[in-house]
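Numbering (our numbering), first residue to last: 41 to 544.
Read the structure below first, then the notes.
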Ligand SMILES: *Cc1c(COP(=O)(O)O)cnc(C)c1O
């Protein structure tokens, strides 16, 4: 399948259109309504003095502008998106349909409880399902992202140790070196000192090293399982026990929940707190910054610390309760990102328990299939546990290719764009040089996976014959290779029309 992305020299929307041109006309208000409502006086201090400089155009101009832009973009709906650790699965359209139905979009969070029983029921039920999936006692849906769930988890650890009179001695949070960058960031924001434990040569957490860093200062451990190398931590019970022995709490970064759905539950592995990335595992599109949701589930002894308001049910009606003296407070406004949560509800309802297990199995099968096929090419190295089965993802290294041909993981991923395939995650986890982190998810057919392998094979051959072509890729995309340092420098970054105008 050949690929060439559309390339438009597309102006900014502010440069299109014509003064006075319109997409829609609003009907004039009827006399009777004006008479009924009366004339509304906008207070002086909030009246606008100058005209808003908004683009003025017809509907067709606006549609064409955004369609052209979309043709220069890439998405999960277009093709393979193997961005490791991000679980970029296909999101069934039924989820969007439900989330955007007017029965939901016309709700307002300030509405009286009695008038929003439907959405409260959906959220309450979703919380119960997520508690079942994670093996936890209670779930809060408030956090807006995985990172916010981690931060909330760390706050709950702090509250727990405080109530036990240990707030001054429980100062350290232990995190493995293969962790996602948000883990140490969230722990630090919550006021903990982060201690890093190394991985062993098989890519698991080094249990002996963990024993030496765990102490009475340990507030808790934050662990990703399966980890970012795609391995399920084999000594998971022992790991949890080591921390519990010092009265620490164990936090499960559940961003990689996809391959264990319906197979094992973090709660059963001994974890006290778990977060779930709804936008990865449960059918909400992501990328480009959100919105998402990062609910957390906790064990029974931690329930009292969950944020308020809590959605509760007395057998007849759903209601919000804020009378929780031990709660860490509010973590996000209103009920959380409701539209995202409704998508998860729709996704879980349509897959059912068997569907979730199948998603877990197929995503695992796909990752192992890809790893095996890519290893056969003979150019991409497997840095850890070459014989060990993976869960959702696998990590390869092009360290030798870099040494021999000067081709980096960045170059390979750019060349993949020319094949119409989204780049994998690169340079992560940071413990692997020239890393390519590949997560196919369950939502790609075998032909698509084979197409990826063939593309990687072509790139490996090209590395011998024409390495320059790889180093200067991409060639078939609407935008060529960017200077990444310049593109993110405040002096060159143009995030808005106002900034653009101030620069010219
Ligand atoms: C994505 C991810 C996170 C952070 O989640 P966000 O929703 O992006 O804040 C944390 N840990 C791991 C392993 C992840 O893959």
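We put the beta carbon where it would ideally sit given N, CA and C, even for glycine.
Predicted, not measured: the structure shown is a model, and the values here were computed from it.
Contact fails between the stretch 62-79 and the stretch 415-422, because fewer than three Cβ pairs, one in each stretch, are under 8 Å apart. Within the same chain, and ignoring the five residues on either side of residue 108 in sequence, the residues whose Cβ sits closer than 8 Å to its Cβ are 46, 48 and 50.
Relative to the non-hydrogen atoms of ligand 1, the Cβ of residue 293 comes within a distance shorter than 7 Å of at least one. Non-local C-beta neighbours of residue 123 in its own chain, meaning closer than 7 Å and more than five positions away in sequence, comprise 462, 464, 465 and 479, ordered along the chain. Between the beta-carbon of residue 507 and that of residue 446 there is about 7 Å, and that keeps the pair under the 8 Å contact cut. Close CB contacts of residue 251 within its chain, under the 8 Å cut and outside five residues either way in sequence, are with 282 (chain order). Remark: fewer than three beta-carbon pairs, one from each stretch, lie closer than 8 Å, so the stretch 361-377 and the stretch 213-220 are not flagged as touching. In the assembly as shown, residue 267 is a buried residue. Its beta-carbon has 16 or more other beta-carbons within 10 Å.
Residue range 486-505 is occupied by the alpha helix (DSSP H) that includes residue 500.
The shortest C-alpha to C-alpha distance from residue 65 to any of 96, 398, 71 and 357 is the one to 96. For residue 361, the enclosing beta strand (DSSP E) starts and ends at 358-361. Look at residue 379 here: in three-state DSSP terms it is helix.
Taking C-alpha positions only, residue 149 is separated from residue 157 by approximately 12 Å. Around the beta carbon of residue 492, 16 or more other beta carbons sit within 10 angstroms, so the residue counts as buried. By the criterion of a C-beta distance shorter than 7 Å, residue 342 is surrounded in its chain by 196, 200, 312 and 313, once the five residues flanking it on both sides are discounted. Beta bridge pairing from DSSP links residue 292 with 263 and 314. A Cβ-Cβ distance of about 5 Å is found for the pair residue 371 and residue 347, placing them in contact under the 8 Å criterion. When only Cα atoms are considered, residue 175 and residue 394 end up about 17 Å apart.
In the structure shown, residue 97 falls within a coil segment according to DSSP collapsed to helix, strand and coil.
In the DSSP assignment, residue 248 falls within the alpha helix (DSSP H) that extends over 247-253.
Contact check for residue 505 and residue 474: beta-carbon distance about 20 Å, past the 8 Å limit, so the pair fails to qualify. Shortest gap from the CB of residue 131 to any heavy atom of ligand 1: 7 Å or more. Where residue 194 is concerned, the enclosing alpha helix (DSSP H) starts and stops at 186-203. Between residue 400 and residue 535, the CB-CB gap reaches or exceeds 8 Å. Contact annotation, residue 407 with residue 383: C-beta distance approximately 24 Å; criterion of less than 8 Å not satisfied.
For residue 477, the enclosing beta strand (DSSP E) starts and ends at 475-478. By the Cβ neighbour-count rule, residue 106 is exposed, with fewer than 16 other Cβ atoms within 10 Å of its own. Taken through DSSP and simplified to helix, strand or coil, residue 75 comes out as helix.
At a threshold of 7 Å, residue 243 does not count as near ligand 1, since its beta carbon sits no closer than that to any of the ligand's heavy atoms. In this structure, ligand 1 has a non-hydrogen atom nearer than 7 Å to the beta-carbon of residue 264. The closest heavy atom of ligand 1 lies 7 Å or more from the beta carbon of residue 337.
Short note on residue 218: C-beta not closer than 7 Å to any heavy atom of ligand 1. The stretch 496-505 makes no contact with the stretch 134-150, as fewer than three CB pairs between them are under 8 Å.
Scanning 443, 118 and 468 for the CA closest to the CA of residue 433 turns up 468. Membership of residue 541 in any beta strand (DSSP E) is not indicated; the residue belongs instead to the alpha helix (DSSP H) covering 537-543. Straight across, the Cα-Cα distance linking residue 253 with residue 288 is about 12 Å.
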